[in-house]
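Below is one structure, written out as structure tokens; comments come after it.
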């Protein structure tokens, strides 16, 4: 959660909402990221 410690007013100024989904790619195999996303959507979806 890279923006969790940023004050709410600063997040608003930067257009960072509470529903922002930040996806980092390039550090893992694409299939691992895909499987993690599928798992999260099924569980929390």
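Residue numbers (my numbering): 391 to 435. Where a beta carbon is used, it is the ideal one built from N, C-alpha and C, also for glycine.
Asked: I think residue 392 touches residue 412, with their Cβ atoms under 8 Å apart; what is that distance to the nearest whole Å?; Found: 6 Å
Asked: What span of residues does the alpha helix (DSSP H) with residue 430 cover, start to end?; Found: 420-434
Asked: Have a look at residue 404 and residue 398 and give me their C-alpha separation to the nearest angstrom.; Found: 10 Å
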